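Some notes on the structure that comes next.
Chains as they are written, first to last, in the numbering used here: chain A, 34 to 160; chain B, 673 to 1203.
The following block contains the structure:
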């Protein structure tokens, strides 16, 4: 990640928005030793910026799609994405096997993705 | 790689299960395939949206704590994912403004200074900062949002955009305590405050007084002995604290265009001082506009900005902020500190300039299009400095004017009407239509020059003239009769609606004091702008 520290455009972008967040991200990436190249991260950031409206539309669509899930399904997702509990702890709290919870999560997320795509397509905002 | 394989790699990344080999394969796919990147963004959007949705949900009854599992799910991977999401989404600060997530992990490891603000940190706005900012005491922040507490800026410029609608620009060295979304306490240094129309008001405190706005833009400088208040728009009320004996002190109103100084030992006694005596960032443009009068049509000194250039904040004579000139909304240039030098009589210490680099291509629309009627004359000037030492291709800088809707080449194929700048090999040029005229003398790296272009609209078309001044040269008092380069007569439309700055793919340029005016003097009076 030398490019980030050398004052490149991504560094400027990062400083302008939330340098601390990026610094932590870089730190974690270093720790994991699996890093995307700086030019790829920059490209992804630029493309994400260009798709800001689409990202917002996805969030809006997700809220609507959530309403179509059962209370039980919503509770599973809420626990998993609150960020304060590990997946193992969530599985224990629900009396489920961790692997089974993973599979259910994957199914729920695929269901949500399909729902989001459908809604965006109807609104003409899809990719 | 099949779609299924790509999806599996993305899922592995998101789940934190990716192996080094998978990581490498995914990176290669992402680099070479825009569709793969789109899929990753969609997947990350889902993760981010789920996190946002979960943080909005009421907390369910807490389960009795069971035995803590010996093996924790890859917490670092989850954190890495969350931060990766942030990295991708933080480029859209307004997107995150609505997304407060519970405080956790190492991101907000600095305790709030204000008593009581401990476990439930309340974020009160968005912080933006200039590249190179140095904090002695960093704000408590998360996802670009800052919380109540003390902060101290040691170098650079930072901006706090409070949720209440007030913007506070800090100029280092500066120490400030954020109390709430509508109250802050200046402890030392200089701040500029802009209370927007949407705000319900903002109170800036000093240790000895409160400053209450009345629809205001103002600045305050606080040192060990004195406090100065300069009001640019509206008015403010200075309310000194009651003295030690409990006697009620009288409020003092300060109107726009006035400044007052208060001894901190006697905050109830004001001393009128010349308005603009102190160099606030906010004040530079007002002075310049006043000096130049109506003949300066548009100006950008790139002041009042922090970090990436985007917002409609700097300069005047524009219909909006700088935008990417590329159809796909590419990256934007950055605003950085100007060097501590004097360029053609203009002291630049403490000011800002534009860093245009590596393919930056930005455009800004004039508030009033320039009418291209025969007989009209316009002038454009800019301070330019090449920062790259390289001499290869892609080192150029081009400043061009674009036609209005009725101009030649409508729509996305609109052509530039006139362009000037410095070529990759360092020679100033002026371009009209398909004809390029270069000067004989090159401009070297790190050499600041002043480029002035004169445009004369005639019956036959547009004639343009370029004059390049090198450091040490005196600027002509009136438009010169001899020019560095003269273009061929070019095409003209009915109006010019925008100006565009384009850097070569390998270039790095400093651009400062960009001016468009109707007279020679309006664009060349650099040394007068800070008087």
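Ideal Cβ positions, reconstructed from N, Cα and C, are used throughout, including at glycine.
The model shown is predicted, which means the values in this text are computed figures rather than measured ones.
Interface annotation for the region 676-694 of chain B against chain A: 690 and 692, criterion Cβ-Cβ distance under 7 Å. The Cβ-Cβ distance between residue 1016(B) and residue 1122(B) falls below 7 Å. Fully contained in the region 1011-1091 of chain B are the following beta strand (DSSP E) runs of length 3 or more, in chain order: 1024-1029, 1033-1043, 1049-1058 and 1069-1075. Using a Cβ-Cβ cut-off of 7 Å, residue 699(B) counts as an interface residue toward chain A, since at least one Cβ of chain A sits closer than that to its own. In the three-state scheme derived from DSSP, where H, G and I count as helix and E and B as strand, residue 704(B) is classed as helix. The alpha-carbon of residue 114(A) is positioned some 11 Å away from that of residue 138(A).
For residue 717(B), the chain A residues whose Cβ falls inside 7 Å of its Cβ are 88 and 91, in order along the chain. Under the criterion of beta carbons closer than 8 Å, residue 134(A) and residue 127(A) qualify as touching, at roughly 7 Å. Around the CB of residue 833(B), 16 or more other CB atoms lie within 10 Å, so the residue is classed as buried. Within the same chain, 986, 987 and 1186 come within 6 Å of residue 972(B) by CB-CB distance, once the 5 residues on both sides are set aside.
Counting the other CB atoms within 10 Å of its CB gives residue 938(B) a total below 16, which places it among the exposed residues. By the C-beta criterion, the region 851-871 of chain B is judged to be in contact with the region 892-902 of chain B, since at least 3 inter-stretch pairs fall below 8 Å. For residue 104(A), there are no neighbours in chain B by C-beta distance under 7 Å, as the nearest C-beta there is about 10 Å away. In the structure shown, the three-state DSSP call for residue 689(B) is coil.
For residue 105(A), there is no enclosing beta strand (DSSP E); the enclosing alpha helix (DSSP H) has its first and last residue at 104-114.
In summary, no residue of the region 1170-1193 of chain B has a CB separated from any CB of chain A by less than 9 Å. The C-beta of residue 111(A) comes closer than 7 Å to at least one C-beta of chain B. Annotation: residue 990(B) is outside any alpha helix (DSSP H) and is labelled neither H nor E by DSSP. In this structure, residue 1029(B) places its C-beta atom within 7 Å of the C-beta atom of residue 1180(B). Taking a cut-off of 8 Å on C-beta distances, the region 80-89 of chain A touches the region 706-722 of chain B, as three or more cross pairs fall below it. Contact of residue 726(B) with chain A is assigned, a C-beta pair being separated by under 7 Å. The contact set of residue 71(A) on chain B, defined by CB atoms closer than 7 Å, is empty, because the minimum CB distance reaches about 11 Å. Here residue 100(A) carries a coil assignment [DSSP, helix/strand/coil]. Counting C-beta pairs with one atom in each stretch, the region 1147-1165 of chain B and the region 1102-1112 of chain B have three or more that are closer than 8 Å, which means they touch. Separation of the CB atoms of residue 974(B) and residue 1170(B) is rounded to 17 Å, and the pair is thereby denied contact status at 8 Å. Taking C-beta atoms under 8 Å as the contact rule, residue 1100(B) and residue 1089(B) fail to qualify, at a distance of about 19 Å. Listed along chain B are 709 and 713, each with a C-beta nearer than 7 Å to that of residue 80(A). Contact note: residue 142(A) reaches chain B through 718, using a C-beta cutoff of 7 Å and chain order.
In this model, residue 96(A) and residue 816(B) are separated by some 24 Å (Cα to Cα). DSSP places residue 148(A) inside the alpha helix (DSSP H), whose first and last residues are 131-156. Taking 7 Å as the threshold, the shortest C-beta distance from residue 702(B) to chain A falls below it. Residues of the region 1051-1065 of chain B that bring their beta carbon within less than 8 Å of a beta carbon in chain A are absent altogether. The C-alpha of residue 124(A) is placed about 23 Å away from the C-alpha of residue 146(A). Secondary-structure assignment with DSSP links residue 847(B) through a beta bridge to 824(B) and 860(B).
Not flagged as an interface residue toward chain B: residue 138(A), since no C-beta distance is shorter than 7 Å.
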